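In order, the protein sequence lines correspond to chains E and G. Heads up, the first sequence is in my numbering, so the first residue is 20 and it goes up one at a time. Heads up, the second sequence is in my numbering, so the first residue is 2 and it goes up one at a time. Here a beta-carbon is modelled for each residue, glycine too, at the ideal position from N, C-alpha and C. On a predicted model such as this, the values are computed, not experimentally measured, just so you know. A short worksheet on the structure shown next.
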Amino acid sequence: MHSVVCVKQVPDTSEVGIDPETNTIIREGVPSIINPYDLHGIEAALHLKDEFDGKVTILTMGPPQAEAAIKRALSFGADRGILLSDRAFAGSDTLATSYIITQALKRIIDEERVDIIFCGKQAIDGDTAQVGPGIAARLGWNQLTYVVGINEVNIDNNEVRISRKLESGKEIIKAELPALLTVVKGLNEIRYASLPDMIRGARAEIEVWGEGDLELDESKIGLSGSPTQVGRIFPPPEREGGEIIPGGKEDPKGAARVLAEKLIGKEVIPNK
Amino acid sequence: MVEEKFDAIVIGAGPSGLAAGYTMAKAGMNVIIFERGDYPGSKNVMGGVLYRDPTEELISGFWEEAPVERYIIQQDIWVLDDDSVITMGYQDNKFAKKPYNNFTVLRAKFDRWFAKKAEEAGALLITETVVEDLIYDDKRVVGVQTGRKDGEVKADVVILAEGVNSLIGEQAGLHPKIPPEHLAVAVKEVISLPRETIEARFNLNGDEGKTIELVGKATEGMMGTAFIYTNEKSLSVGVGALLSDMVDANMNPNDLLEELKSHPTVAKLLQGGETKEYLAHLIPEGGYHAIPELYRDGLMVVGDAAMLVNGYHREGSNLAMISGKLAGETAIEAKEAGDFSMDMLSSYKEKLDDSFIMKDMYKYKDASAFFATNPHFFEIYPKLANEALHELLVVDGKPKRQKQRKILEKVKDKRSYFGIAKDLFNAWRVMR
Numbered sequence: 020m021h022s023v024v025c026v027k028q029v030p031d032t033s034e035v036g037i038d039p040e041t042n043t044i045i046r047e048g049v050p051s052i053i054n055p056y057d058l059h060g061i062e063a064a065l066h067l068k069d070e071f072d073g074k075v076t077i078l079t080m081g082p083p084q085a086e087a088a089i090k091r092a093l094s095f096g097a098d099r100g101i102l103l104s105d106r107a108f109a110g111s112d113t114l115a116t117s118y119i120i121t122q123a124l125k126r127i128i129d130e131e132r133v134d135i136i137f138c139g140k141q142a143i144d145g146d147t148a149q150v151g152p153g154i155a156a157r158l159g160w161n162q163l164t165y166v167v168g169i170n171e172v173n174i175d176n177n178e179v180r181i182s183r184k185l186e187s188g189k190e191i192i193k194a195e196l197p198a199l200l201t202v203v204k205g206l207n208e209i210r211y212a213s214l215p216d217m218i219r220g221a222r223a224e225i226e227v228w229g230e231g232d233l234e235l236d237e238s239k240i241g242l243s244g245s246p247t248q249v250g251r252i253f254p255p256p257e258r259e260g261g262e263i264i265p266g267g268k269e270d271p272k273g274a275a276r277v278l279a280e281k282l283i284g285k286e287v288i289p290n291k
Numbered sequence: 002m003v004e005e006k007f008d009a010i011v012i013g014a015g016p017s018g019l020a021a022g023y024t025m026a027k028a029g030m031n032v033i034i035f036e037r038g039d040y041p042g043s044k045n046v047m048g049g050v051l052y053r054d055p056t057e058e059l060i061s062g063f064w065e066e067a068p069v070e071r072y073i074i075q076q077d078i079w080v081l082d083d084d085s086v087i088t089m090g091y092q093d094n095k096f097a098k099k100p101y102n103n104f105t106v107l108r109a110k111f112d113r114w115f116a117k118k119a120e121e122a123g124a125l126l127i128t129e130t131v132v133e134d135l136i137y138d139d140k141r142v143v144g145v146q147t148g149r150k151d152g153e154v155k156a157d158v159v160i161l162a163e164g165v166n167s168l169i170g171e172q173a174g175l176h177p178k179i180p181p182e183h184l185a186v187a188v189k190e191v192i193s194l195p196r197e198t199i200e201a202r203f204n205l206n207g208d209e210g211k212t213i214e215l216v217g218k219a220t221e222g223m224m225g226t227a228f229i230y231t232n233e234k235s236l237s238v239g240v241g242a243l244l245s246d247m248v249d250a251n252m253n254p255n256d257l258l259e260e261l262k263s264h265p266t267v268a269k270l271l272q273g274g275e276t277k278e279y280l281a282h283l284i285p286e287g288g289y290h291a292i293p294e295l296y297r298d299g300l301m302v303v304g305d306a307a308m309l310v311n312g313y314h315r316e317g318s319n320l321a322m323i324s325g326k327l328a329g330e331t332a333i334e335a336k337e338a339g340d341f342s343m344d345m346l347s348s349y350k351e352k353l354d355d356s357f358i359m360k361d362m363y364k365y366k367d368a369s370a371f372f373a374t375n376p377h378f379f380e381i382y383p384k385l386a387n388e389a390l391h392e393l394l395v396v397d398g399k400p401k402r403q404k405q406r407k408i409l410e411k412v413k414d415k416r417s418y419f420g421i422a423k424d425l426f427n428a429w430r431v432m433r
């Protein structure tokens, strides 16, 4: 049972500020964390490892400092960590990113069979939820999104039965392996790593793969391979205070009439 | 339990622990540092002044690469009353030249950088891990018990750098529970303002910085001080006072800070700023007499955990770093000698005694107790000084002699001449 977990290092949004002058995100001095959804993917993979005596590989793409995210993932008990890092990858949008990651996954799959790929349902910095499904599409694998429960993994039949979180309930699906799962927070509780694993993770040597290590079509990576670009990032406008209708105490009827007229004018309530 | 035995375990990745870890790792020792926070600096608070010289003893030329905010060229003291302030300032343009004198820093940023240096030197940093207790072999400390599964780990020596809330030190009986009169509580806000605004308001050029220490009304007469420090694009504004005074006065440190921020002379400096961070922390102010046992078989204590804070000169982190370095050096000698006994580690205490740390701690050994029992210094005198200047500077048709008489009457009203003479003499005695 070999799982690969795709993780992303993201700024800790609970500590991110917006520069009021330039309207850009202040990343300076903001600690980086593993995308919280991805942590549940790691936990799910480790759970399968425990159950089937398998193996967990962590894969990420990012700048050299994204190594910290892999070390962190390894400290939970994962076995192998690979960082995709190259200047040529910089500026990749979700299309280019899913392409590069897929090429790396193909290399991993060539080396040894992969049964399940886990991704978080989306990253908290970009919120696109596109890379996971993008990878599945490129690999031609079954994709199971918004997974909130792994009900059964049957290695003999090469099958997985999972629950998907829908707005109105759950959907239980059976799919053939290999498959790619994007997971949500309700899936599991993340373990508290043991001290020996923490030490092993902190010391782990991370494999770094660059452009030369993968079979890549140059026109599909980096800025030039990215049809979408971020134009501007800005905070939502501050909410303006609502209108206060005076006279509620002295003349409640009159105030109510004014309110009703306003609501009728805006067609919030019918004029009857 | 962890199979591997380390040369040294450091508990806490603050300035003292990182200094110890860095020193030992650089000498090739196998060091593991435990930090309970998400990252080094996440739980650390200080006013924000970092002194160059002691820091350079650890990492020479650190300021060229470390995340420092501004180099300080001017240091003010403000004596605050309700509506007025007496200001004294010292500006030294020699401090505007490399290598500078001291810097403002934001600890969360600086500590992360310092931790990286320790890791690069070979120390192993394990975060989000609480050390719950020491492990003994007979009376010798041989390791620590962490809160993680299989969380036992052993080493030749443990350096206790757990900070002011020294629970392990207390558990081990190195010191009694720290009483509130030995603790100050400090609260601080980081208020963001555009660079240019800070430079205009504080009369600074480029990366120059300024510090203001405030006494009097700033602490509502309690023993303590307030401060305003300029960072690159923010101000650190805080106030600290003895915990016991706060309790007695039924004061909440947040109210004290709000009051300070709204003081007319302070509000002008902060206007338009946005509070980015709010921090609160305890400061060990017990002084020389409250210093715990500093070493045992296989154990040394550094930094705040060792009560090494000189409140009178707002120095804490440099004492922390130097004590960490000295403990680290002692551990290196101990490893060379293959002897981690109490006898061997006693040279850590000797090194502290020979350094400025213990000399300064000794110099002010009676100051805390004195000021704690003589509140006039924080209450009456600042008020009197402000009122005297007010009287002198208002032109209202009264002859000056009459004004002087009025000032002296006010003084006598609050404190007898004999009392003042006694205060001055005693203050000189404890501070000399």
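Just measuring C-alpha positions, the residue of E:T201, E:R210 and E:V150 sitting nearest L163 of chain E is E:T201. Residue range S318 to A338 is occupied by the alpha helix (DSSP H) that includes I323 of chain G. Taking 8 Å as the cut-off between beta carbons, the residues of the stretch 193-217 of chain E near chain G are Y211, A212, S213, L214, P215 and M217, in sequence order. With a threshold of 8 Å between beta carbons, Y91 of chain G makes no contact with chain E. As for any beta strand (DSSP E) of minimum length 3 sitting wholly inside the stretch 67-117 of chain G, the runs are 71-81, 86-92 and 103-105, ordered along the chain. Rounded to whole angstroms, the gap between the alpha carbons of I87 of chain G and R222 of chain E is 56 Å.
Contact between L271 of chain G and L184 of chain G is absent: CB atoms are separated by about 27 Å, not below the 8 Å threshold. When Cβ pairs closer than 8 Å are counted between the two stretches, the stretch 153-173 of chain G is seen not to touch the stretch 223-232 of chain E, the count staying below three. Around the C-beta of N177 of chain E, fewer than 16 other C-beta atoms lie within 10 Å, and the residue is accordingly described as exposed. Residues of the stretch 143-170 of chain G with a C-beta atom less than 7 Å from some C-beta of chain E are T147, R149, K150, D151, G152 and V154, listed in chain order. Contacts with chain E (Cβ-Cβ distance below 9 Å) from the stretch 20-46 of chain G involve I33, D39, Y40 and S43, listed in chain order. Within the stretch 76-161 of chain E, the runs of alpha helix (DSSP H) at least 4 residues long that lie entirely inside it are, in chain order, 86-94, 113-130 and 150-158. The C-alpha of I218 of chain E lies about 12 Å from the C-alpha of K150 of chain G.
Considered as a whole, the stretch 212-253 of chain E harbours 226-228 as its complete beta strand (DSSP E) runs of no fewer than 3 residues, in chain order. In this structure, the CA atom of G244 of chain E is about 27 Å from the CA atom of V133 of chain E. Between the stretch 119-138 of chain E and the stretch 20-32 of chain E, the count of Cβ pairs shorter than 8 Å is three or higher; the stretches touch.
From the listed residues E:N290, E:I101, E:P50 and E:D112, the smallest Cα separation to L124 of chain E is found for E:I101. Contacts between T130 of chain G and chain E, judged by CB atoms closer than 8 Å, involve L214 and M217 in chain order. Secondary structure of E392 of chain G (DSSP, three-state): helix. Counting of Cβ neighbours within 10 angstroms places P293 of chain G among the buried residues, the total reaching 16 or more.
From the listed residues G:V238, G:A242 and G:K277, the smallest Cα separation to E259 of chain G is found for G:V238. In chain G, no part has a C-beta under 7 Å from the C-beta of A92 of chain E; the shortest such distance is about 14 Å. Its chain contains S182, K184, V203, G205 and L206 as the residues whose beta carbon lies nearer than 6 Å to that of V167 of chain E, once the 5 sequence neighbours on both sides are disregarded; these appear in chain order.
For P197 of chain E against I283 of chain E, the beta-carbon gap comes to about 59 Å, at or over 8 Å, which does not count as contact. Proximity to S347 of chain G across G:F7, G:I284 and G:R297 peaks at G:R297, based on C-alpha coordinates. Within the stretch 101-133 of chain G, L107, A109, K110, R113, E120, L125, L126, I127, T128, E129 and T130 place their CB atoms closer than 9 Å to a CB of chain E, listed in sequence order. Between N232 of chain G and R416 of chain G, the C-beta spacing is not below 8 Å.
For the 8 Å CB-CB criterion, A148 of chain E and G241 of chain E do not form a contact. Secondary structure at H21 of chain E: strand, using DSSP grouped into helix, strand and coil. Annotation for K415 of chain G: the continuous alpha helix (DSSP H) segment containing it runs K401 to K415. About 7 Å separates the CB atoms of H59 of chain E and I209 of chain E; that is less than 8 Å, so the two are in contact. Going by beta carbons, D39 of chain G and E153 of chain G fall outside the 8 Å limit. Chain E has no Cβ within less than 8 Å of the Cβ of V69 of chain G. The beta carbons of I229 of chain G and A119 of chain G sit no closer together than 8 Å. Chain-order list of chain G residues neighbouring A148 of chain E: empty, with the shortest C-beta distance near 26 Å, by a criterion of under 7 Å. Sorting G:E65, G:V80, G:Y313 and G:G217 by C-alpha distance to the C-alpha of K366 of chain G places G:Y313 at the top.
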